[in-house]
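*Asks:* One structure, as structure tokens, below. Some questions next.
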DNA sequence: ACCTGAACACCGTTCAAGT
DNA sequence: ACCTGAACACCGTTCAAGT
């Protein structure tokens with residue numbers, strides 16, 4: 004039942020998850036769903052709980068603290084990218100902090116190994132988290148938008164002295180992986196002594 | 004009419020913007036709205052266009068390129084934080100790239116002054132943009148969530164060797180401004196020679 | 001040119017009724 | 001314990017009809 008709901012959300016988007024659509028998929032009357040889950044909000048909460056558990060299953064990898072920080076951030080990123088619609092449900096139900104808590108704990112341990120403590124460590128955890136979230140959101144944003152807008156360098160037209168190669172790099176297909184890595188490296192570099 | 008819609012969205016949230024609610028506020032029949040704007044999607048597009056124009060009105064300030072980069076990122080951040088619900092409409096209507104384009108152009112100019120060109124400059128623009136977006140999203144996320152979750156250090160309980168002061172800093176009220184500045188400084192520092 | 005009410009298909013949800 | 005159909009209040013939207 005929750006599984007069927009998850010399939011609908013990931014395949015057709017959250018708006019497609021109507022109680023009637025779900026009932027049809029299960030071959031059951033709409034009202035039967037209410038007996039099992041209460042209502043739509045409760046159903047979304049169960050969906051969110053699943054994703055929170057999945058995303059929270061962190062396994063840091065690497066020989067040094069810096070490598071393990073990159074590892075945690077990278078796997079967090081790829082998991083968020085793998086289930087975008089369900090991650091959105093988590094956010095909408097206000098469970099984002101719970102989803103990120105295990106990654107925060109893992110990052111905290113590595114930052115401690117780097118000698119960072121207290122408020123400085125807490126800030127570093129959040130900077131890394133913001134970078135992961137921001138780059139994932141931008142990557143998803145591009146895939147949502149109309150191509151003619153992302154691709155059209157004409158939007159830069161009123162700046163004649165603009166760097167042509169850069170404009171093209173920002174207008175064409177973006178290298179999200181490179182952006183993610185560059186930002187992460189800058190952050191990790193700032194942590195050192 | 005678009006103004007009334009904007010007020011509803013910012014004050015009561017996007018779900019509260021129903022055609023009937025808007026008609027009531029305007030003292031008019033529901034169907035009259037359709038004559039003016041077509042349908043709900045078109046109304047949201049007009050709303051989005053307004054916000055895109057507002058957010059896009061960038062005025063870099065500062066004596067050095069680095070200072071002006073910080074200025075652009077900071078004013079972008081505060082504008083996004085000032086109208087969260089309407090910014091969300093922009094995102095949902097796929098106009099996020101248009102909303103950020105002027106900031107990208109301003110950042111590009113400053114990066115050029117720092118000697119960055121081509122793909123490297125394009126990546127830097129996106130890293131900065133991701134940082135702004137990520138920190139804004141996290142700040143908004145916290146205000147949405149149940150307090151007991153954000154505040155409860157017990158979630159860290161299974162890690163006895165955890166840094167107490169850091170856990171408290173991550174559990175209590177967060178200093179979003181500090182996170183924003185720390186990340187931005189790390190990124191800007193990575194741009195130099 | 002602008003506004004209206006009636007009507008339609010679609011929502012989430014409740015409830016009494018069945019097995 | 002589990003499922004059902006009928007019914008309700010709410011959506012967005014269309015359309016013929018008014019001024």
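Chains as they are written, first to last, in this note's numbering: chain A, 4 to 196; chain B, 4 to 196. Ideal Cβ placement from N, Cα and C applies to all residues, glycine included. This structure is a prediction, so every number in the text was calculated from the model and none was measured.
Please classify residue 187 of chain A: does DSSP put it in a helix, a strand, or coil?
*Replies:* As a working mapping, residue 187 of chain A is identified with position 184 in the first chain. Three-state result, residue 187 of chain A: helix.
*Asks:* For a test of your reading of the model: does the CB of residue 94 of chain B fall under 6 angstroms from any non-hydrogen atom of the ligand SAM? Yes or no.
*Replies:* Inclusion of the ligand SAM in the displayed structure is not the case, the ligand content being empty and no account of it being possible.
*Asks:* What distance in whole Å lies between the Cβ atoms of residue 168 of chain A and residue 120 of chain B, which are believed to be in contact at a cut-off of 8 angstroms?
*Replies:* By 1-based counting over the second chain, the position of residue 120 of chain B is 117. By 1-based counting over the first chain, the position of residue 168 of chain A is 165. Yes, residue 120 of chain B and residue 168 of chain A are in contact; Cβ-Cβ is about 7 angstroms, under 8 angstroms.
*Asks:* Using the three-state DSSP reduction, which class does residue 31 of chain B fall into: helix, strand or coil?
*Replies:* For this step, residue 31 of chain B is matched to residue 28 along the second chain. Of the three classes helix, strand and coil, the one that applies to residue 31 of chain B here is coil, per DSSP.
*Asks:* When you compare each of B:12, B:92 and B:128 to residue 105 of chain B by their alpha carbons, which one comes out closest?
*Replies:* Taking the second chain and counting its residues from 1, one reaches residue 105 of chain B at position 102. When each option's Cα is compared against that of residue 105 of chain B, the closest is B:128.
*Asks:* Locate the alpha helix (DSSP H) running through residue 59 of chain B, then write down its first and last residues.
*Replies:* Against the second chain, residue 59 of chain B aligns to sequence position 56. Neither: residue 59 of chain B is in no alpha helix (DSSP H) and is coded neither H nor E.
*Asks:* Can you tell me the Cα-Cα spacing of residue 46 of chain A and residue 95 of chain A, whole angstroms?
*Replies:* Taking the first chain and counting its residues from 1, the one referred to as residue 46 of chain A is at position 43. Taking the first chain and counting its residues from 1, the one referred to as residue 95 of chain A is at position 92. Those two C-alpha atoms are separated by around 13 angstroms.
*Asks:* Mind pulling the chain A residues with CB within less than 8 angstroms of residue 140 of chain B?
*Replies:* As a first step, residue 140 of chain B is located in the second chain; it is residue number 137 there, counting from the start. Residues of chain A passing the Cβ test: 133, 136, 137 and 140.
*Asks:* So residue 74 of chain B packs on residue 60 of chain B, CB below 8 angstroms; how close in whole Å?
*Replies:* If you number the second chain from 1, residue 74 of chain B lands on position 71. If you number the second chain from 1, residue 60 of chain B lands on position 57. Not a contact, Cβ separation roughly 14 angstroms.
*Asks:* Following the continuous alpha helix (DSSP H) through residue 20 of chain B, name the residue where it begins and the one where it ends.
*Replies:* Locating residue 20 of chain B in the second chain gives position 17, where the first residue counts as 1. Premise fails: residue 20 of chain B is in no alpha helix (DSSP H) and is neither H nor E.
*Asks:* Please confirm whether residue 138 of chain A and residue 182 of chain A have their CB atoms less than 7 angstroms apart.
*Replies:* Here residue 138 of chain A corresponds to residue number 135 of the first chain, with the count starting at 1. Here residue 182 of chain A corresponds to residue number 179 of the first chain, with the count starting at 1. For residue 138 of chain A and residue 182 of chain A, yes; Cβs fall inside 7 angstroms.
*Asks:* Give the residues of chain A in contact with residue 168 of chain B, contact being defined as C-beta atoms less than 9 angstroms apart.
*Replies:* Taking the first residue of the second chain as 1, we reach residue 168 of chain B at position 165. Chain A residues near residue 168 of chain B: 120, 121, 122, 124 and 125.
*Asks:* Beta carbon of residue 41 of chain B, beta carbon of residue 148 of chain A: below 7 angstroms?
*Replies:* Taking the first residue of the second chain as position 1, residue 41 of chain B is located at position 38. Taking the first residue of the first chain as position 1, residue 148 of chain A is located at position 145. It is not a contact, given that the beta carbons lie outside the stated cut-off.
*Asks:* How would you label residue 27 of chain B, buried or exposed, when you count the other beta carbons within 10 angstroms and need 16 or more for buried?
*Replies:* Indexing the second chain from 1 puts residue 27 of chain B at position 24. Exposed, because fewer than 16 other Cβ atoms sit within 10 Å of the Cβ of residue 27 of chain B.
*Asks:* Which same chain residues, not among the five before or five after residue 19 of chain B, have their C-beta less than 7 angstroms away from its C-beta?
*Replies:* Against the second chain, residue 19 of chain B aligns to sequence position 16. Closer than 7 angstroms at Cβ, skipping near neighbours: 11.
*Asks:* So, is the C-beta of residue 29 of chain A closer than 7 angstroms to a C-beta in chain B?
*Replies:* By one-based count along the first chain, residue 29 of chain A stands at place 26. Cβ-Cβ to chain B under 7 angstroms: no for residue 29 of chain A.
*Asks:* Using a Cβ-Cβ cutoff of less than 8 angstroms, which residues in the same chain neighbour residue 91 of chain B once the five nearest sequence positions on both sides are dropped?
*Replies:* Looking up residue 91 of chain B in the second chain gives position 88. These residues qualify, in order along the chain: 17.
*Asks:* Please report whether the beta-carbon of residue 100 of chain A lies at a distance below 7 angstroms from any beta-carbon of chain B.
*Replies:* Within the first chain, numbered from 1, the residue matching residue 100 of chain A stands at position 97. True, the Cβ-Cβ gap to chain B drops below 7 angstroms.
*Asks:* Would you say residue 23 of chain B faces chain A, with C-beta separation under 7 angstroms as the test?
*Replies:* Translated into the one-based positions of the second chain, residue 23 of chain B becomes position 20. Judged by the 7 angstroms Cβ criterion, residue 23 of chain B is not in contact with chain A.
*Asks:* Determine the chain B residues that contact residue 94 of chain A at a beta-carbon separation under 9 angstroms, and present them in chain order.
*Replies:* Translated into positions along the first chain, residue 94 of chain A becomes position 91. Going along chain B in sequence order, the residues near residue 94 of chain A (Cβ under 9 angstroms) are 140, 144 and 147.
*Asks:* Whole angstroms are fine: how far does the CA of residue 107 of chain B sit from the CA of residue 72 of chain A?
*Replies:* If you number the first chain from 1, residue 72 of chain A lands on position 69. If you number the second chain from 1, residue 107 of chain B lands on position 104. Rounded to whole angstroms, residue 72 of chain A to residue 107 of chain B spans 29 angstroms at the Cα level.
*Asks:* What are the residues in the region 31-47 of chain B lying within 7 angstroms of chain A by C-beta distance?
*Replies:* Against chain A - using a Cβ distance shorter than 7 angstroms - the region 31-47 of chain B contributes no residues.
*Asks:* Is the Cβ-Cβ distance between residue 186 of chain B and residue 130 of chain A less than 7 angstroms?
*Replies:* If you number the second chain from 1, residue 186 of chain B lands on position 183. If you number the first chain from 1, residue 130 of chain A lands on position 127. Contact flag set, yes.
*Asks:* Taking a contact to mean a Cβ-Cβ separation below 7 angstroms, would you say residue 51 of chain A touches residue 93 of chain A in this structure?
*Replies:* Within the first chain, numbered from 1, the residue matching residue 51 of chain A stands at position 48. Within the first chain, numbered from 1, the residue matching residue 93 of chain A stands at position 90. Taking 7 angstroms as the Cβ cut-off, residue 51 of chain A and residue 93 of chain A qualify as a contacting pair.
*Asks:* CB residue 125 of chain B to CB residue 141 of chain A, shorter than 7 angstroms?
*Replies:* In the second chain, the residue the question calls residue 125 of chain B occupies position 122. In the first chain, the residue the question calls residue 141 of chain A occupies position 138. Result no, Cβ atoms of residue 125 of chain B and residue 141 of chain A do not sit closer than 7 angstroms.
*Asks:* Does the beta carbon of residue 187 of chain B sit closer than 7 angstroms to a beta carbon anywhere in chain A?
*Replies:* For this step, residue 187 of chain B is matched to residue 184 along the second chain. So no, residue 187 of chain B is outside the interface.
*Asks:* Of all the CB atoms in chain B, is at least one closer than 7 angstroms to the CB of residue 49 of chain A?
*Replies:* In the first chain, the residue the question calls residue 49 of chain A occupies position 46. So no, residue 49 of chain A is outside the interface.
*Asks:* Can you name the residues of chain A whose CB is closer than 7 angstroms to the CB of residue 182 of chain B?
*Replies:* Within the second chain, numbered from 1, the residue matching residue 182 of chain B stands at position 179. In chain order: 126, 129, 130 and 133.
*Asks:* Within 7 angstroms of any Cβ in chain B, is that where the Cβ of residue 190 of chain A sits?
*Replies:* Counting from 1 along the first chain, the entry for residue 190 of chain A is found at position 187. True, the Cβ-Cβ gap to chain B drops below 7 angstroms.
*Asks:* Thinking C-alpha only, which one of B:194, B:68, B:159 and B:54 is nearest residue 79 of chain B?
*Replies:* Translated into positions along the second chain, residue 79 of chain B becomes position 76. Minimum Cα distance to residue 79 of chain B is reached at B:54.
*Asks:* Rounded C-beta distance between residue 36 of chain B and residue 102 of chain B? I'm assuming under 8 angstroms.
*Replies:* On the second chain, position 33 is the one that residue 36 of chain B refers to. On the second chain, position 99 is the one that residue 102 of chain B refers to. About 25 angstroms separates the two Cβ atoms, so there is no contact after all.
*Asks:* Can you pull the chain B residues whose beta carbon is under 9 angstroms from the beta carbon of residue 193 of chain A, in chain order?
*Replies:* For the purposes of this step, residue 193 of chain A is taken as residue 190 along the first chain, with counting starting at 1. Under the 9 angstroms cutoff, chain B gives 185, 186, 188, 189, 190, 192 and 193.
*Asks:* Go ahead and label residue 159 of chain A buried or exposed: buried means 16 or more other beta carbons lie within 10 angstroms of its beta carbon, across all protein chains shown.
*Replies:* Start at 1 with the first residue of the first chain, and residue 159 of chain A comes out as number 156. Classification of residue 159 of chain A: buried, given that the 10 Å Cβ count is 16 or more.
*Asks:* Exposed or buried, residue 113 of chain B, counting other C-beta atoms within 10 Å across all chains shown (16 or more means buried)?
*Replies:* Reading the second chain from its first residue, position 110 is the one you call residue 113 of chain B. Answer is buried; the Cβ neighbour count reaches 16.
*Asks:* By the 10 Å Cβ neighbour count, where 16 or more other Cβ atoms means buried, how is residue 8 of chain A classified, buried or exposed?
*Replies:* Taking the first residue of the first chain as 1, we reach residue 8 of chain A at position 5. Its Cβ being crowded by 16 or more others within 10 Å, residue 8 of chain A is buried.
*Asks:* Strictly under 7 angstroms for the Cβ-Cβ distance: is residue 89 of chain B near chain A by that measure?
*Replies:* Here residue 89 of chain B corresponds to residue number 86 of the second chain, with the count starting at 1. For residue 89 of chain B, the answer is no, since every Cβ of chain A falls outside 7 angstroms of its Cβ.
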